[in-house]
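> Chains as they are written, first to last, in the numbering used here: chain A, 9 to 485; chain B, 4 to 99.
For every residue, glycine included, the Cβ atom is placed at its ideal position computed from N, Cα and C.
Okay, handing you the structure first.
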Amino acid sequence: MAYEVVIGLEVHTELKTKSKIFCGCSTTFGASQNTNVCPVCLGLPGVLPVFNAKVLEFAVRTGLALNCEILPFSKFDRKNYYYPDLPKNFQTSQYDLPIAVNGHLDIEVNGETRRIGITRVHMEEDAGKLVHAGSVTKSDYALVDYNRTGVPLLEIVSEPDIRSEEEAKAYLEKIKAILQYVDVSDCKMEEGSLRCDANISLRPEGATKFGTKSELKNLNSFKAVQKGLEYETLRQTDILEDGGKVIQETRSWDDAKGVTLTMRNKEQAEDYRYFPEPDLVPIVVDPVWVEEVRKNLPELPEARKARLMNDYGLSSYDAEMITTSRAMADYYDAAVAAGADAKLAANWLMGEVSRSLNNAAQSIESCPVTPEKLAGLIALIAKGTISGKIAKTVLEGMWSSGKDAAAIVQEEGLVQISNEGEIIAIVERILAANPQSVADFKAGKEKAIGFLVGQVMKETKGRANPEVVNKLLRERM
Amino acid sequence: MKVTRKDVETVAVLSRLEMDEAAMDKFTGQFNAILDYVDMLSKVDTEGVEPTAHVLNLKNVMRTDEVKPSLSRDQALSNAPEQEDGYFKVPKIIDN
Numbered sequence: 009m010a011y012e013v014v015i016g017l018e019v020h021t022e023l024k025t026k027s028k029i030f031c032g033c034s035t036t037f038g039a040s041q042n043t044n045v046c047p048v049c050l051g052l053p054g055v056l057p058v059f060n061a062k063v064l065e066f067a068v069r070t071g072l073a074l075n076c077e078i079l080p081f082s083k084f085d086r087k088n089y090y091y092p093d094l095p096k097n098f099q100t101s102q103y104d105l106p107i108a109v110n111g112h113l114d115i116e117v118n119g120e121t122r123r124i125g126i127t128r129v130h131m132e133e134d135a136g137k138l139v140h141a142g143s144v145t146k147s148d149y150a151l152v153d154y155n156r157t158g159v160p161l162l163e164i165v166s167e168p169d170i171r172s173e174e175e176a177k178a179y180l181e182k183i184k185a186i187l188q189y190v191d192v193s194d195c196k197m198e199e200g201s202l203r204c205d206a207n208i209s210l211r212p213e214g215a216t217k218f219g220t221k222s223e224l225k226n227l228n229s230f231k232a233v234q235k236g237l238e239y240e241t242l243r244q245t246d247i248l249e250d251g252g253k254v255i256q257e258t259r260s261w262d263d264a265k266g267v268t269l270t271m272r273n274k275e276q277a278e279d280y281r282y283f284p285e286p287d288l289v290p291i292v293v294d295p296v297w298v299e300e301v302r303k304n305l306p307e308l309p310e311a312r313k314a315r316l317m318n319d320y321g322l323s324s325y326d327a328e329m330i331t332t333s334r335a336m337a338d339y340y341d342a343a344v345a346a347g348a349d350a351k352l353a354a355n356w357l358m359g360e361v362s363r364s365l366n367n368a369a370q371s372i373e374s375c376p377v378t379p380e381k382l383a384g385l386i387a388l389i390a391k392g393t394i395s396g397k398i399a400k401t402v403l404e405g406m407w408s409s410g411k412d413a414a415a416i417v418q419e420e421g422l423v424q425i426s427n428e429g430e431i432i433a434i435v436e437r438i439l440a441a442n443p444q445s446v447a448d449f450k451a452g453k454e455k456a457i458g459f460l461v462g463q464v465m466k467e468t469k470g471r472a473n474p475e476v477v478n479k480l481l482r483e484r485m
Numbered sequence: 004m005k006v007t008r009k010d011v012e013t014v015a016v017l018s019r020l021e022m023d024e025a026a027m028d029k030f031t032g033q034f035n036a037i038l039d040y041v042d043m044l045s046k047v048d049t050e051g052v053e054p055t056a057h058v059l060n061l062k063n064v065m066r067t068d069e070v071k072p073s074l075s076r077d078q079a080l081s082n083a084p085e086q087e088d089g090y091f092k093v094p095k096i097i098d099n
């Protein structure tokens, strides 16, 4: 029987506020253990939390960017569970009245656009970090760092509208792009500022009732999300095809082994006993303010992609690649604003610049070549002052020295030679030295000319204009 | 609402509390007594009264996003029963 995969994702993102959600401790990542803590986030008796206004602004901004409705009346609740990463024995979260509900976002997979519903967006506090001496199962104690406790989080819950691991990845990438565009989170999966859990079930194709789901945890990278869902799809398919039943349970993705393992089943499932947080008063948002936040939203990825396609004639693929990251799109716009040819700028950004960034393990934000300097390089290519090949060498020079393209071209004498007079002598010498290739070409072997062009380029250290060389060679054979 | 012994057992497990039979019986009785007492509230006529999420008539109490000094690590750890390398040290967590 053919099965349909049904997936819903819960994404947690840490907000980039300066201070925590309910106290003034710093949210800086990587601080020395237990140095960003105070009586409030340590849950000492008698303390009172006070809500950080910036968290509300970030939550509303995110909710609007995800096409949600902002609830005019919202409140915090206590989610009770006992685990040492939570010093209070409850997490302050939102239960029945989250800040934003009923949104959606569109994803594109294999050329097809699909709309994924967003059930809700709610605000909560992050938990601390456990450090295990040895392995989780063998160690007889754990060490706790509460620096992360109280860092503001948004949880974004999707409808079960996702139908494959590719769609899950596309959804997650879109969420990440939007969070970066509205500038509320760094979205660094490797630092845990973007995390993802997945609910996944199968049902016979055409069925309307959902099958029994499992909840996947520990999906710590885009690859893990895709591989974990792929594994779980196969595992559940095998069970159903053998006539078995999927058990509702929480499973953990083991990245090293490439499998999912049972964490807890339904009987052991947590009962969180939510109740309204008596230490925090309700949040009532002014609709006028919400409209103001909406008006001040930056251009979002989809609008920006459309603009790059319309204004600069970029292909859908190129525009998508550039706008997936806001920093990349900002860099691109700045290069074009500095006079770069729009298509050359797209090619260079996605080609050589991205390659160099990858090799140096750097992000576009810390690119040593500024957009203005890249525009300078592209202007030299567009004018024919240097060839594309030489431009790669120039870019390397710009990367290490920080100099302008023009200065490097000048200093190293890299100007392209297009003047026929300067090339003729070399062309004639090469022809004389390679009679066999000349004979081959005359005998109809087109390929032989490539070798001859190469020889001239070698002689001129790559500076000869290849089109001119080609023309001169043909004229003389 | 009647609290059963089973409910008390469940809450004890969720709260990581270990208790003997006598304590279990005692708490079942006390839980019921407390709930019976609070149940008096259901006698109040709430016709036309809006549900509330908070007993105080306050809303939107917030602070600006500013970093304030934290405790020193020594202060933070001063009440910890056990500590190691600047961390709180806690018993083994996963027991299955």
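Using a threshold of 8 Å, state whether the C-beta atoms of residue 331/A and residue 73/B are closer than that.
The residue labelled residue 331/A in the question sits at position 323 within the first sequence. The residue labelled residue 73/B in the question sits at position 70 within the second sequence. Their beta carbons are not under 8 Å apart, which means residue 331/A does not touch residue 73/B by this criterion.
> Could you spell out the range, first to last residue, of the beta strand (DSSP E) harbouring residue 139/A?
The residue you call residue 139/A lines up with position 131 of the first sequence. Where residue 139/A is concerned, the enclosing beta strand (DSSP E) stretches over 137-140.
> Does DSSP put residue 19/B in a helix, in a strand, or in coil?
Working through the second sequence from its first residue, we reach residue 19/B at position 16. It is coil, neither helix nor strand.
> Relative to the alpha-carbon of residue 364/A, which residue among 448/A, 402/A and 182/A has its alpha-carbon at the smallest distance?
Counting from one through the first sequence, the residue named residue 364/A turns up at place 356. Out of 448/A, 402/A and 182/A, 402/A has the C-alpha closest to the C-alpha of residue 364/A.
> How far does the beta strand (DSSP E) with residue 64/B in it extend, from its first residue to its last?
The residue given as residue 64/B occupies position 61 in the second sequence. It is not in any beta strand (DSSP E) - residue 64/B carries neither H nor E in the DSSP assignment.
> Is it right to say residue 437/A is buried, meaning 16 or more other beta carbons lie within 10 angstroms of its own, or is it exposed?
The residue given as residue 437/A occupies position 429 in the first sequence. Residue 437/A is exposed by the Cβ-count criterion.
> Run down chain A in chain order and give the residues with a C-beta less than 7 Å from the C-beta of residue 18/B.
Mapped onto the second sequence, residue 18/B falls at position 15. Those within 7 Å of residue 18/B in chain A are 90.
> Please classify residue 47/B: does DSSP put it in a helix, a strand, or coil?
As a position in the second sequence, residue 47/B is number 44, starting the count at 1. Of the three classes helix, strand and coil, the one that applies to residue 47/B here is coil, per DSSP.
> For residue 186/A, I'd like the list of residues in its chain whose CB is within less than 6 Å of its CB, leaving aside the five on either flank, ordered along the chain.
Within the first sequence, residue 186/A is the residue found at index 178, counting from 1. Counting only Cβ-Cβ distances below 6 Å, and skipping sequence neighbours, we find 73.
> Give every residue of the same chain whose Cβ lies closer than 6 Å to the Cβ of residue 98/B, excluding the five residues on either side of it in the sequence, and list them in chain order.
Locating residue 98/B in the second sequence gives position 95, counting from the first residue. No answer about residue 98/B holds up, because its pLDDT of 48 lies below 50 and its placement is not dependable.
> Need the endpoints of the alpha helix (DSSP H) that residue 11/A sits in, please.
Counted from its first residue, the first sequence places residue 11/A at position 3. Per DSSP, residue 11/A belongs to no alpha helix (DSSP H); it is in the beta strand (DSSP E), 11-22.
> Can you tell me the Cα-Cα spacing of residue 70/A and residue 190/A, whole angstroms?
Your numbering for residue 70/A matches position 62 in the first sequence. Your numbering for residue 190/A matches position 182 in the first sequence. Their Cα atoms are separated by approximately 7 Å.
> Say whether chain A places a C-beta atom closer than 8 Å to the C-beta of residue 69/B.
As a position in the second sequence, residue 69/B is number 66, starting the count at 1. For residue 69/B, a Cβ of chain A is located within less than 8 Å of the residue's own Cβ.
> Report the residues of the stretch 148-161 of chain A with a CB closer than 8 Å to any CB of chain B, ordered along the chain.
Listed by position, the residues of the stretch 148-161 of chain A near chain B (Cβ gap below 8 Å) are 148, 149, 150, 151, 152, 153 and 154.
> Check residue 472/A in the structure and name its three-state DSSP category.
Within the first sequence, the letter at position 464 stands for residue 472/A. Here residue 472/A sits in strand by DSSP.
> Using a Cβ cut-off of 9 Å, pull out every chain B residue sitting near residue 61/A, in sequence order please.
As a first step, residue 61/A is located in the first sequence; it is residue number 53 there, counting from the start. Under the 9 Å cutoff, chain B gives 63, 65, 66, 67 and 68.
> Can you name the start and end residues of the beta strand (DSSP E) that residue 111/A belongs to?
Sequence index remark: in the first sequence, residue 111/A carries index 103 (1-based). 108-117 is the extent of the beta strand (DSSP E) around residue 111/A.
> With a Cβ-Cβ cutoff of 8 Å, do residue 264/A and residue 93/B count as a contact?
For the purposes of this step, residue 264/A is identified with residue 256 of the first sequence, where counting begins at 1. For the purposes of this step, residue 93/B is identified with residue 90 of the second sequence, where counting begins at 1. With a cutoff of 8 Å on beta-carbon distance, residue 264/A and residue 93/B are scored as not near each other.
> Between the alpha carbons of residue 61/B and residue 286/A, how many angstroms are there, rounded?
If you number the second sequence from 1, residue 61/B lands on position 58. If you number the first sequence from 1, residue 286/A lands on position 278. Taking the straight line joining both Cα atoms gives about 12 Å.
> Determine the burial state of residue 408/A: buried for a count of at least 16 other Cβ atoms within 10 Å of its Cβ, exposed for fewer.
Here residue 408/A refers to the residue found at position 400 when the first sequence is read from its first residue. Classification of residue 408/A: exposed, given that the 10 Å Cβ count is below 16.
> So which residues on chain E does residue 56/B lean against when the C-beta distance must stay under 7 Å?
In the displayed structure, chain E is absent; the protein chains listed are A and B.
> For the stretch 19-47 of chain A, enumerate the residues whose C-beta is nearer than 8 Å to any C-beta of chain B, in chain order.
25, 26, 27, 31, 32, 33, 34, 40, 41, 42, 43, 44, 45, 46 and 47
> Would DSSP call residue 370/A helix, strand or coil?
As a first step, residue 370/A must be located in the first sequence, where it is residue number 362. In this structure, residue 370/A counts as coil in the three-state DSSP scheme.
> Output, in chain order, the set of chain A residues within a Cβ distance shorter than 7 Å of residue 11/B.
As a first step, residue 11/B is located in the second sequence; it is residue number 8 there, counting from the start. In chain order: nothing, as chain A lies at least about 14 Å away.
> On the three-state DSSP scale, how would you describe residue 378/A?
Position 370 of the first sequence holds residue 378/A. Correct three-state label for residue 378/A: coil.
> By DSSP's criteria, residue 263/A is part of a beta bridge. Which residues make up the other side?
Taking the first residue of the first sequence as position 1, residue 263/A is located at position 255. In the DSSP output, where bridge partners are listed per residue, residue 263/A has none listed.
> With DSSP collapsed to three states, give me the class of residue 99/B.
To locate residue 99/B, count along the second sequence from 1; it is residue 96. Residue placement at residue 99/B is flagged as unreliable, the pLDDT there being 40, under the threshold of 50; the coordinate-derived value follows with that caveat. Correct three-state label for residue 99/B: coil.
> Select from 355/A, 482/A and 174/A the residue whose C-alpha is nearest the C-alpha of residue 121/A.
Locating residue 121/A in the first sequence gives position 113, counting from the first residue. Residue 121/A has its Cα closest to that of 174/A, out of 355/A, 482/A and 174/A.
> Excluding the 5 residues preceding and the 5 following residue 281/A in the sequence, name in chain order all residues of the same chain whose CB lies nearer than 7 Å to its CB.
By 1-based counting over the first sequence, the position of residue 281/A is 273. If we look at residue 281/A and ignore the five residues flanking it on each side, its Cβ neighbours are 88.
> Just reading off the alpha helix (DSSP H) that residue 329/A is part of, what are its end residues?
Residue numbering aside, residue 329/A sits at position 321 when the first sequence is read from its first letter. Residues 324-331.
> Classify residue 362/A as helix, strand or coil using the three-state DSSP reduction.
Position 354 of the first sequence holds residue 362/A. Correct three-state label for residue 362/A: helix.
> Excluding sequence positions up to five away, which residues of its chain have a Cβ less than 7 Å from the Cβ of residue 33/A?
Position 25 of the first sequence, counted from the first residue, corresponds to residue 33/A. Contacts found: 27, 44, 45, 46, 49 and 158.
> Mind listing the chain B neighbours of residue 139/A? Cutoff is C-beta to C-beta under 7 Å, in chain order.
Position 131 of the first sequence, counting from 1, holds the residue named residue 139/A. In chain order: 90.
> Does any residue of chain A bring its CB to less than 8 Å from the CB of residue 8/B?
As a working note, residue 8/B is residue 5 in the second sequence. Cβ-Cβ to chain A under 8 Å: no for residue 8/B.
> So the candidates are 424/A, 411/A, 467/A and 371/A; which of them puts its Cα closest to the Cα of residue 392/A?
On the first sequence, residue 392/A is found 384 positions in, with the first residue counted as 1. It is 424/A.
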